[in-house]
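K.L.:
This note's numbering puts the first residue of the sequence shown at 2, with every later residue one more than the last. Take a look at the following structure, please.
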Amino acid sequence: MSRKRKFFVALWLDDDEYLSMKAKISRTSLNQSTYIRKCILEKEMTIIPGIRDFTIEIKRIGNNLNQITRLANEGSIKIIGNDLSDIKEDLKKVWEQLDATLKKI
């Protein structure tokens, strides 16, 4: 009798990944092949082009803002008004919106 599936796929995992996978499988009544197949084939994935670059750019802006804040607190530069606070608050809102959007996907 021939196999229904004819393609073998292998992947490499580190110790933590392997233990995590085994723990998840043990909580089901499935064997390893069935569990992995269900994860791959029955889960719908949404790919948003450019989201990774967008996230990286927001992180860079946040890092730059933190450096400016540190310099202002050290007295190395002088900030006039509440511009820095406004920028931080705006950046926080953008992160919250991005996080909420990604959780919906």
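Ideal Cβ placement from N, Cα and C applies to all residues, glycine included.
1) Pairs of beta-carbons, one from the segment 21-39 and one from the segment 74-84, closer than 8 Å: are there three or more?
2) Rounded to whole angstroms, how far is the Cβ of residue 70 from the Cβ of residue 92, which I believe are closer than 8 Å?
3) Check the C-beta distance from residue 59 over to residue 96 and give it rounded, since I have them as a contact under 8 Å.
4) Give me the residue from 103, 66 and 100 with the minimum Cα distance to residue 90.
5) What are the boundary residues of the alpha helix (DSSP H) that includes residue 103?
6) Going by C-alpha to C-alpha distance, which of 20, 57 and 52 sits closest to residue 102?
P.N.:
Let's see:
1) With the cut-off at 8 Å, the segment 21-39 and the segment 74-84 do not touch.
2) Taking the sequence shown and counting its residues from 1, the one referred to as residue 70 is at position 69. Taking the sequence shown and counting its residues from 1, the one referred to as residue 92 is at position 91. Going by Cβ atoms, the distance from residue 70 to residue 92 rounds to 11 Å, so no, they are not a contact pair.
3) By 1-based counting over the sequence shown, the position of residue 59 is 58. By 1-based counting over the sequence shown, the position of residue 96 is 95. At roughly 7 Å, the Cβ-Cβ gap stays under 8 Å, so residue 59 and residue 96 are in contact.
4) In the sequence shown, counting from the first residue as 1, residue 90 sits at position 89. Minimum Cα-Cα distance from residue 90 among the listed residues 103, 66 and 100 corresponds to 66.
5) Mapped onto the sequence shown, residue 103 falls at position 102. Start and end: 84-105.
6) On the sequence shown, position 101 is the one that residue 102 refers to. The candidate whose alpha carbon is nearest that of residue 102 is 52.
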